[in-house]
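Protein chains in written order, with my numbering: chain A, 1 to 113; chain B, 1001 to 1113; chain C, 2001 to 2113. For every residue, glycine included, the Cβ atom is placed at its ideal position computed from N, Cα and C.
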Amino acid sequence: MKKIEAIIRPEKFQALRDELASHGFLGLTVTEVAGTGKQKGQTGVFRGTSYEIKVLPKIKIELVLPQERTDEVIDIIIDTCHTDQIGDGKIFVYDVEDAVRIRTKERGKPAVL
Amino acid sequence: MKKIEAIIRPEKFQALRDELASHGFLGLTVTEVAGTGKQKGQTGVFRGTSYEIKVLPKIKIELVLPQERTDEVIDIIIDTCHTDQIGDGKIFVYDVEDAVRIRTKERGKPAVL
Amino acid sequence: MKKIEAIIRPEKFQALRDELASHGFLGLTVTEVAGTGKQKGQTGVFRGTSYEIKVLPKIKIELVLPQERTDEVIDIIIDTCHTDQIGDGKIFVYDVEDAVRIRTKERGKPAVL
Ligand SMILES: Nc1ncnc2c1ncn2[C@@H]1O[C@H](COP(=O)(O)OP(=O)(O)OP(=O)(O)O)[C@@H](O)[C@H]1O
Ligand SMILES: Nc1ncnc2c1ncn2[C@@H]1O[C@H](COP(=O)(O)OP(=O)(O)OP(=O)(O)O)[C@@H](O)[C@H]1O
Ligand SMILES: Nc1ncnc2c1ncn2[C@@H]1O[C@H](COP(=O)(O)OP(=O)(O)OP(=O)(O)O)[C@@H](O)[C@H]1O
Ligand SMILES: [Mg+2]
Ligand SMILES: [Mg+2]
Ligand SMILES: [Mg+2]
């Protein structure tokens, strides 16, 4: 299993959730985060401070899924969340060693499907 | 070392924290998240929209621990957090490559114990 | 690629962000979390309950970066965030299997630089 973590623009969250659901991905976790990215013209020190590097509100989506569906979900996120403006966000992929559905005690792949 | 990440019902948090502490797990990180899970009768498209897939408040617990105590903690979480109703939550297990206690600069297992 | 996750004192966040930016680390994700750590004199059961284990506000920083810069960032975090008082925080290191910049569809290392 893998975890896909996407940091996206908050205004894209609803569309992404709908698109994921229509592909059968009903379980996901959402966190309100703040982020800084690489921005042209912003450096670490500006007018003596670096407060100029803005921290912007973002939404983090976490989705644990069977490995073979990873590329499908990455494509859904890119298609749904890109605007071609800077700040569209990032996707990170991690390995997941085990999963448990607490109600049924199922483990592994059956616990995430 | 491993990280156990559990997404649980908020009303179970206090009992879980107490139970973990009584087993010697004093360090953990808590995040307020929102989640969607698989629900019978809810699909991606309903009355033309998918807004019917509810996003519910959940608590995410993160606990980094020595590998050999992973199953002990999974059992504690299942025992403390199950109600046998849908929505009891999920547990995910990840590998952790290194850990550092910032105050002492200890690394690896001594940093998480 | 690796992910460095640091749980730090909120009052250290601005200094850490500035220091990371001055080393070229402009992209990072910040989450408001709460945490409990190991505290001398606090045990799981106290006056019949364990409510005495305080949950304190902390800031979680997540930074995905090329593997070869991991130790550099760990040193920056230790230097910037230690006060030698208990509660200075923790750093955890995870493997990251892939990264995507949503705007450009770049993958792997070019997506995090
Ligand atoms: N290296 C990183 N580690 C952790 N989080 C990151 C990293 N880079 C970006 N992020 C998160 O992703 C969010 C969006 O980043 P952003 O889309 O601005 O990336 P970018 O590399 O600057 O690309 P772009 O040039 O398209 O703006 C940031 O606000 C931050 O939360
Ligand atoms: N695949 C997943 N990836 C990431 N987070 C998930 C996933 N599935 C569930 N979650 C998180 O776990 C929370 C609880 O999920 P839930 O217990 O409803 O799982 P479920 O698979 O629907 O099981 P049940 O049938 O018992 O309801 C969700 O609100 C969400 O935050
Ligand atoms: N094992 C752990 N797993 C997950 N998060 C942890 C763990 N230990 C600590 N944390 C997080 O790190 C924060 C800071 O921990 P803290 O610095 O108090 O660690 P400590 O081991 O008690 O060290 P110290 O003796 O210096 O206080 C906690 O509030 C919690 O959010
Ligand atoms: Mg950017
Ligand atoms: Mg459910
Ligand atoms: Mg402590």
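Tell me the residue span of the alpha helix (DSSP H) that contains residue i.
i: A:Val96; result: Here A:Val96 belongs to no alpha helix (DSSP H), and DSSP marks it neither H nor E.
i: A:Val73; result: Thr70 to Cys81
i: C:Leu2026; result: Where C:Leu2026 is concerned, there is no enclosing alpha helix (DSSP H), given that its DSSP letter is neither H nor E.
i: A:Lys109; result: Lys109 to Val112
Taking Cβ positions, are residue i and residue j nearer each other than 8 Å?
i: A:Thr36; j: C:Leu2028; result: yes
i: B:Lys1003; j: B:Glu1062; result: yes
i: A:Val33; j: B:Phe1092; result: no
i: C:Ile2077; j: B:Ile1077; result: no
i: C:Lys2090; j: B:Ala1111; result: yes
i: C:Cys2081; j: C:Leu2026; result: no
Measuring from the CB of residue i, is there a heavy atom of ligand 4 at a distance below 7 Å?
i: C:Ile2008; result: no
i: A:Lys38; result: yes
Take the Cβ of residue i as the centre, count every other Cβ of all protein chains shown within 10 Å, and call the residue buried at 16 or more, exposed below.
i: C:Leu2020; result: buried
i: A:Glu72; result: exposed
i: B:Ile1086; result: exposed
i: C:Gly2024; result: exposed
i: C:Glu2068; result: exposed
i: C:Lys2058; result: buried
i: B:Asp1079; result: exposed
i: A:Thr31; result: buried
i: C:Lys2105; result: exposed
i: A:Leu56; result: exposed
i: A:Asp75; result: exposed
i: A:Thr83; result: exposed
i: A:Ile8; result: buried
i: A:Val45; result: In this prediction, A:Val45 has a pLDDT of 46, which is less than 50 and means its spatial position is unreliable; nothing more can be read from the coordinates.
Hey, could you find the ends of the beta strand (DSSP E) residue i is sitting in?
i: A:Pro57; result: Leu56 to Leu65
i: B:Lys1002; result: Lys1002 to Ile1008
May I ask you to check if the CB of residue i is nearer than 7 Å to at least one heavy atom of ligand 3?
i: A:Val33; result: no
i: A:Leu114; result: Outside the shown range of chain A (1 to 113) lies residue 114 of chain A, about which nothing can therefore be said.
Using a Cβ-based criterion (distance less than 7 Å to any ligand heavy atom), does residue i qualify as near ligand 2?
i: B:Val1088; result: The sequence shown places Asp at residue 1088 of chain B, not Val. True, at least one ligand heavy atom lies under 7 Å from that Cβ.
i: B:Lys1012; result: no
i: A:Glu62; result: yes
Can you name the residues of chain B whose CB is closer than 8 Å to the CB of residue i?
i: C:His2023; result: The premise fails here: C:His2023 is roughly 18 Å from chain B at the closest Cβ pair, so nothing lies under 8 Å.
i: A:Lys3; result: Phe1092 and Tyr1094
Say yes only if the C-beta of residue i is nearer than 7 Å to one or more non-hydrogen atoms of ligand 1, and no if none qualify.
i: C:Thr2070; result: no
i: C:Gly2024; result: no
i: A:Leu56; result: yes
So with CB distances below 7 Å, who are the chain B contacts of residue i?
i: C:Lys2109; result: Ordered by position in chain B, no residue passes the 7 Å Cβ test against C:Lys2109, which lies about 18 Å from the chain.
i: A:Val64; result: Phe1092
i: C:Ile2086; result: Arg1103
List the residues of chain C that residue i touches, going by C-beta distances under 8 Å, in chain order.
i: A:Thr29; result: Simply none; closest approach about 12 Å.
i: A:Ile7; result: Thr2029
i: A:Val33; result: Thr2029, Val2030 and Thr2031
List the residues of chain A whose Cβ lies closer than 7 Å to the Cβ of residue i, in chain order.
i: C:Asp2098; result: Val93
i: C:Ile2061; result: Chain A residues near C:Ile2061: none, gap ~10 Å exceeds 7 Å.
Report the neighbours of residue i on chain B: residues whose CB is nearer than 9 Å to its CB, in chain order.
i: A:Lys58; result: What A:Lys58 touches in chain B: nothing, since even the nearest Cβ is about 14 Å away.
Anything in chain C within Cβ reach of residue i, meaning under 9 Å, just list it in chain order.
i: A:Ile77; result: Val2100 and Ile2102
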